[in-house]
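A quick write-up on the structure given underneath.
Residue numbers (full-length UniProt numbering): 1 to 206.
What follows is the structure in structure tokens.
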């Protein structure tokens with residue numbers, strides 16, 4: 001399991017800039033076995049899933065919810081989410097866009113209340129297991145018009161016994177864990193707390 005670092009609230013430093021999640025891509029090596037499924041109370045082997053170039057089973061809205069939740073918990077400002085059918089997102093205060101590229105995933109999940117190796121029968125919504133994820137993060141400055149920070153962080157999640165969940169929730173928790181570790185990186189904090197006019201701080205990949 002990846003060490004989960006302690007995130008310091010943004011309020012401990014100068015006012016933070018606003019960052020919004022712009023894009024999430026998956027770039028796992030083709031053919032890599034990234035998910036192992038097991039079944040039954042003794043978790044017998046069922047199948048292995050290899051990466052075939054598609055995105056993970058997480059929607060853009062779910063990624064955004066995870067991203068915003070982690071940032072809000074650390075007291076970083078987030079854009080106001082529209083509530084009306086014709087409302088537009090309040091993006092005028094956003095000057096940083098975040099991009100995430102998922103470079104590695106190792107998911108191991110057991111469905112203990114299914115006796116079917118094809119995982120079509122039984123209580124399929126009860127799972128136990130663990131997941132690891134490696135994510136490359138980039139921050140793009142709307143002022144400087146370029147990437148001003150880049151870092152790779154890891155995240156993981158392990159259930160405490162069998163729980164009501166899904167593989168999507170396991171993956172989201174690993175994504176959130178990776179993001180929480182990003183928030184502890186000194187370079188990330190430097191970029192997030194510099195004046196908007198600066199446009200550059202931390203580790204500049206260029």
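Beta carbons are placed, not taken as given, at the ideal position from N, Cα and C, and that holds for glycine.
The structure presented is a predicted model; accordingly, all values stated were derived computationally and were not measured.
Can you tell me where the alpha helix (DSSP H) holding residue i begins and where it ends?
| i | result |
| --- | --- |
| residue 188 | 186 to 193 |
| residue 162 | Unbroken run through residue 162: none, as it is neither H nor E. |
Which two residues bound the contiguous beta strand (DSSP E) that contains residue i?
| i | result |
| --- | --- |
| residue 99 | 94 to 111 |
| residue 136 | 126 to 141 |
| residue 48 | 44 to 50 |
Could you have a look at residue i and say whether DSSP puts it in helix, strand or coil?
| i | result |
| --- | --- |
| residue 39 | strand |
| residue 20 | strand |
| residue 73 | helix |
| residue 149 | strand |
| residue 25 | strand |
| residue 170 | helix |
| residue 154 | strand |
| residue 67 | helix |
| residue 208 | For the chain, the structure presents residues 1 to 206; residue 208 sits outside this window and is missing. |
| residue 2 | coil |
| residue 144 | coil |
| residue 33 | strand |
| residue 181 | helix |
| residue 10 | helix |
Quick check: what's the CA-CA separation for residue i versus residue j?
| i | j | result |
| --- | --- | --- |
| residue 3 | residue 184 | 12 Å |
| residue 188 | residue 101 | 16 Å |
| residue 167 | residue 161 | 15 Å |
| residue 181 | residue 66 | 14 Å |
| residue 121 | residue 69 | 34 Å |
| residue 77 | residue 149 | 19 Å |
| residue 106 | residue 63 | 18 Å |
| residue 61 | residue 171 | 14 Å |
| residue 178 | residue 9 | 17 Å |
| residue 174 | residue 143 | 31 Å |
| residue 138 | residue 152 | 9 Å |
| residue 38 | residue 73 | 34 Å |
So residue i packs on residue j, CB below 8 Å; how close in whole Å?
| i | j | result |
| --- | --- | --- |
| residue 169 | residue 135 | No, residue 169 and residue 135 are not in contact; Cβ-Cβ is about 17 Å, not under 8 Å. |
| residue 131 | residue 140 | Contact doesn't hold; Cβ gap of about 28 Å is too wide. |
| residue 133 | residue 16 | Their Cβ separation, rounded to whole angstroms, is 25 Å, which puts residue 133 and residue 16 out of contact at 8 Å. |
| residue 20 | residue 94 | 5 Å |
| residue 33 | residue 54 | Between residue 54 and residue 33 the Cβ distance is about 15 Å, and since that is not below 8 Å, they are no contact. |
Residue i CB to nearest chain D CB: under 7 Å?
| i | result |
| --- | --- |
| residue 153 | You won't find chain D in this structure, because it holds only one protein chain. |
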